[in-house]
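The sequence shown maps to residues 1 to 120 in the UniProt record's numbering. Notes to accompany the following structure.
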Amino acid sequence: MINTHPKRSDEPVWWSLFGAGGTWFAMITPVTILVLGILVPLGIIDAEAMSYERVAEFATSIIGALFIIATLSLPMWHAMHRLHHGMHDLKFHTGLAGKIACYAFAALISILSVVFIFLI
1 MINTHPKRSD EPVWWSLFGA GGTWFAMITP VTILVLGILV PLGIIDAEAM SYERVAEFAT
61 SIIGALFIIA TLSLPMWHAM HRLHHGMHDL KFHTGLAGKI ACYAFAALIS ILSVVFIFLI
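Written out as structure tokens, the structure reads:
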């Protein structure tokens, strides 16, 4: 028999943040590491392009602010969702407390990234 009144789940919200964070981490983070960690130190990209004034101007623009917030928060949602389900797979059944702890930490990092941007 089909249940005509199924219980609503909050999992689509967490899975969408997990997917967005995984995609961001797989597509954007390697390019960021390449540019900031390899090309600038090797001198392929002029170090003047990464001057404090230019970086501060980028960080205070709407596109830059959204980029920094997404770079800090989306991979954290991915990691915390993976940790939450990984603990379950390893037979650490933390229940609702584990779920709240994982997602609250990801939310804290997201809030701190927004606060960080507004303080610049």
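Positions of the beta carbon are idealized from the N, C-alpha and C atoms, including for glycine.
(message) Could you tell me the alpha carbon to alpha carbon distance between residue 100 and residue 107, rounded to whole angstroms?
(response) 10 Å
(message) Is the separation between the beta-carbon of residue 16 and that of residue 73 shorter than 7 Å?
(response) no
(request) For residue 98, I'd like the list of residues in its chain whose CB is within less than 7 Å of its CB, leaving aside the five on either flank, ordered along the chain. (result) 84 and 87
(message) Quick check on this structure: which residue in 5, 6, 1 and 113 has the alpha carbon closest to the alpha carbon of residue 60?
(response) 113
(request) In the DSSP assignment, find the unbroken alpha helix (DSSP H) run with residue 115 in it and report its ends. (result) 95 to 119
(message) Could you give the first and the last residue of the continuous alpha helix (DSSP H) run that contains residue 28?
(response) Neither: residue 28 is in no alpha helix (DSSP H) and is coded neither H nor E.
(message) By the three-class DSSP mapping on this structure, what secondary structure does residue 71 have?
(response) helix
(request) Please report how far the alpha carbon of residue 68 lies from the alpha carbon of residue 50, in whole angstroms. (result) 15 Å
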